[in-house]
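Student:
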Amino acid sequence: MLGGGGVLGAAWMVGALSALQDELGVDVREFDEVVGTSAGSVVAALVGAGVSVTDLLHHQLVGDIDVGPLAGYSWNYERDTGGDRPGRPRMALGSRELLRRNALHLRSLPPTAVLSAILPEGRGSIEAVGALVGHVVPSGWAPRTGVTVVALDFDTGARVPFGRPEAPAVDLAPAVMASCAIPGWYQPVRIGEHRYIDGGAWSSTNLDLMVGRGLDEVYVLAPQVSFVKDAPTQWRTRVERQWRNRVTLRALRELARVHADGAEVTMLGPGEEDLEAFGSNLMDVTRRPRVIETSLRTSAVALHDPAPLPDRSAFEDVGRLNEDVG
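Numbering (our numbering), first residue to last: 21 to 346.
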């Protein structure tokens, strides 16, 4: 499971994937399933298309590469992600349709999905991400089975796991674009008759999608989850930590469901050093090299000697989320 987390979350996950592969001694491309949300959908799509973790790491640290599926593709992290601040949005509700269809049962939706519909619609373009994925998979879905990309139907409020039989058929590139369309930042992505946005509007991890999959072990790399209880002084960072606490609480609830289904779950989130490297803006590309270099070191330590996960009650004081995480 590869969670949401913006530009810096993607960098952190590449470092963590490298550490995970070294710890397990197994190529992550051989995992039975790879599920990605938002930034994690980009990594999941590339891994599902045969891109090695070594190539992902090289691409993050060095730049363009001349071997493998990414050979010959030029990507500029500063330009192609659209900057570290959203542009001026359209001054209208993001999805009046979602609010209308769910007016009688808004509480059944995650609060983040409802908030996404209330936020003004973003104007930013996610086309560069689609071009990146389209370079390795020009049409159709990933060449291997088990790749899932999670988005939110912005018209109905339903979570959509693209790549699974119950989801609409779609090419991999637009599915990833949809999964990465941060509400209020990027334009929703139209697929067929519906608009879609970032799967993180439902859940940053969507870990509960692993319930009923018959898996023995599940590894979760969650850039927005953290078990560090620090006390930052800057207001932006304090707000960011409150958000992390909410995401962590939800992820732990999802983890409990997967564990109850019979799978052993290992969840890795940024530690204290990682959070310092992140700062308060997950789209700040200037911090990317530091984030990935820190993740390579801290993730290896965390995987080799994992600490027990805290009880959910440690995060309850930040405010309760909907109990329904499915």
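Ideal placement from N, C-alpha and C gives every residue a C-beta, glycine not left out. In this text the structure is predicted, and so the values were computed from the model without any measurement.
1. Spatial neighbours of residue 101 within its chain, please: CB distance less than 6 angstroms, with the 5 preceding and 5 following residues excluded, ordered by chain position.
2. Comparing C-alpha positions only, which one of 282, 31, 111, 254 sits nearest to residue 77?
3. What's the gap between the Cα of residue 248 and the Cα of residue 286?
4. Rounding to the nearest angstrom, what Cα-Cα distance links residue 319 and residue 41 in this structure?
5. Per the DSSP calculation, residue 171 is bridged to which residue(s)?
6. What does residue 211 pair with, by DSSP beta-bridge criteria?
7. Are there three or more Cβ pairs, one per stretch, closer than 8 angstroms when the stretch 83-92 is compared with the stretch 229-248?
8. Taking only three categories from DSSP, how would you classify residue 144?
9. Just mark residue 255 as buried or exposed, buried being the case when its beta carbon has 16 or more other beta carbons within 10 Å.
10. Report the three-state DSSP secondary structure of residue 102 (helix, strand or coil).
11. How about residue 169 and residue 150: are their beta carbons less than 8 angstroms apart?
12. Could you pull out every residue in the same chain whose Cβ sits closer than 7 angstroms to the Cβ of residue 203, ignoring the five residues on either side in sequence?
13. Between which two residues does the beta strand (DSSP E) containing residue 186 stretch?
14. Taking the CB atoms as reference points, tell me whether residue 153 and residue 65 lie closer together than 8 angstroms.
15. When you compare the CB of residue 307 with every CB in chain B, is at least one pair closer than 8 angstroms?
16. Within a Cβ cutoff of 8 angstroms, which residues of the same chain sit near residue 43, ignoring the five residues on either side of it in sequence?
17. Evaluate residue 24 with the Cβ neighbour count: other Cβ atoms within 10 Å of its Cβ, from every protein chain shown; 16 or more gives buried, anything less gives exposed.
18. Give the DSSP-derived three-state secondary structure of residue 26 in the structure shown.
19. With distance defined between alpha-carbon atoms, name the residue in 205, 33, 223 nearest to residue 108.
20. Express the C-alpha separation of residue 55 and residue 61 in angstroms, rounding to a whole number.
21. Can you tell me where the beta strand (DSSP E) holding residue 287 begins and where it ends?
22. Determine the direct distance from the alpha carbon of residue 111 to that of residue 329, and round the result to whole angstroms.
23. Kindly list the residues whose CB is nearer than 6 angstroms to the CB of residue 300, restricted to its own chain and excluding five residues on each side of it in sequence; keep chain order.
24. Taking the alpha carbon of residue 316 as the reference point, which residue from 73, 21, 51, 237 has its own alpha carbon closest?
25. Ends of the beta strand (DSSP E) at residue 56?
26. What distance in whole Å lies between the Cβ atoms of residue 48 and residue 67, which are believed to be in contact at a cut-off of 8 angstroms?
27. What is the DSSP secondary structure of residue 238, counted as helix, strand or coil?
28. For residue 63 versus residue 90, is the C-beta distance shorter than 8 angstroms?
29. Taking all protein chains shown into account, do 16 or more other C-beta atoms lie within 10 angstroms of the C-beta of residue 270, making it buried, or fewer, making it exposed?
30. Per DSSP, what are the beta-bridge partners of residue 113 in this structure?
31. How far does the alpha helix (DSSP H) with residue 50 in it reach, from first residue to last?
32. Can you look up residue 206 in the DSSP assignment and give me helix, strand or coil?
33. Exposed or buried, what is residue 280 when buried is set at 16 or more other beta-carbons lying within 10 Å of its beta-carbon?
34. For residue 65, name the three-state secondary structure that DSSP assigns.
35. So what does DSSP say about residue 343, is it helix, strand or coil?
Tutor: In short:
1. Cβ neighbours of residue 101 beyond the five flanking positions: 27.
2. Residue 31 holds the alpha-carbon nearest to the alpha-carbon of residue 77 among 282, 31, 111, 254.
3. If you draw a straight line from the Cα of residue 248 to the Cα of residue 286, it comes to about 17 angstroms.
4. Taking the straight line from one Cα to the other gives about 11 angstroms.
5. Residue pairing by DSSP places residue 171 opposite 180, 218 in a beta bridge.
6. DSSP lists 214 as the bridge partner or partners of residue 211.
7. They do not touch, by the three-pair rule.
8. Of the three classes helix, strand and coil, the one that applies to residue 144 here is strand, per DSSP.
9. Counting Cβ neighbours within 10 Å, residue 255 comes out exposed, since fewer than 16 surround it.
10. If DSSP states are grouped into helix, strand and coil, residue 102 belongs with coil.
11. Residue 169 is not a Cβ neighbour of residue 150, given a cutoff of 8 angstroms.
12. Cβ neighbours of residue 203 beyond the five flanking positions: 114, 136, 139, 142, 217, 218, 221.
13. Annotation: residue 186 is outside any beta strand (DSSP E) and is labelled neither H nor E by DSSP.
14. A contact, by the Cβ cut-off of 8 angstroms.
15. Absent from the structure: chain B. Only one protein chain is present.
16. In chain order, 320, 323, 324 place their CB closer than 8 angstroms to the CB of residue 43, counting only its own chain and leaving out the 5 sequence neighbours on each side.
17. Taking a 10 Å sphere around the C-beta of residue 24, we find 16 or more other C-beta atoms and assign the residue as buried.
18. The answer is helix: DSSP assigns residue 26 an H, G or I state.
19. The shortest Cα separation from residue 108 among 205, 33, 223 belongs to 205.
20. Counting only the Cα atoms, residue 55 lies some 7 angstroms from residue 61.
21. Per DSSP, residue 287 belongs to the beta strand (DSSP E) from 284-288.
22. Near 42 angstroms, if we compare the C-alpha coordinates of residue 111 and residue 329.
23. Excluding its 5 nearest sequence neighbours in each direction, residue 300 has C-beta neighbours in its own chain below 6 angstroms: 256, 257, 260, listed in chain order.
24. For residue 316, the nearest C-alpha among the options comes from 73.
25. It spans 54-57 - the beta strand (DSSP E) in which residue 56 sits, taken as one unbroken run.
26. Yes, residue 67 and residue 48 are in contact; Cβ-Cβ is about 6 angstroms, under 8 angstroms.
27. Residue state, collapsed to three classes: strand.
28. No; because the gap between Cβ atoms is not below 8 angstroms, this pair is not in contact.
29. Taking a 10 Å sphere around the C-beta of residue 270, we find 16 or more other C-beta atoms and assign the residue as buried.
30. Note: residue 113 sits in a beta bridge opposite 140.
31. Counting along the chain, residue 50 falls outside any alpha helix (DSSP H), and DSSP gives it neither H nor E.
32. The answer is strand: DSSP assigns residue 206 an E or B state.
33. Burial is judged here by how many other beta carbons sit within 10 angstroms of a residue's own beta carbon; residue 280 has fewer than 16 and is exposed.
34. Note: residue 65 maps to helix in three-state DSSP.
35. Low per-residue confidence applies at residue 343: pLDDT is 40, beneath 50, and the placement is therefore not dependable enough to give any value.
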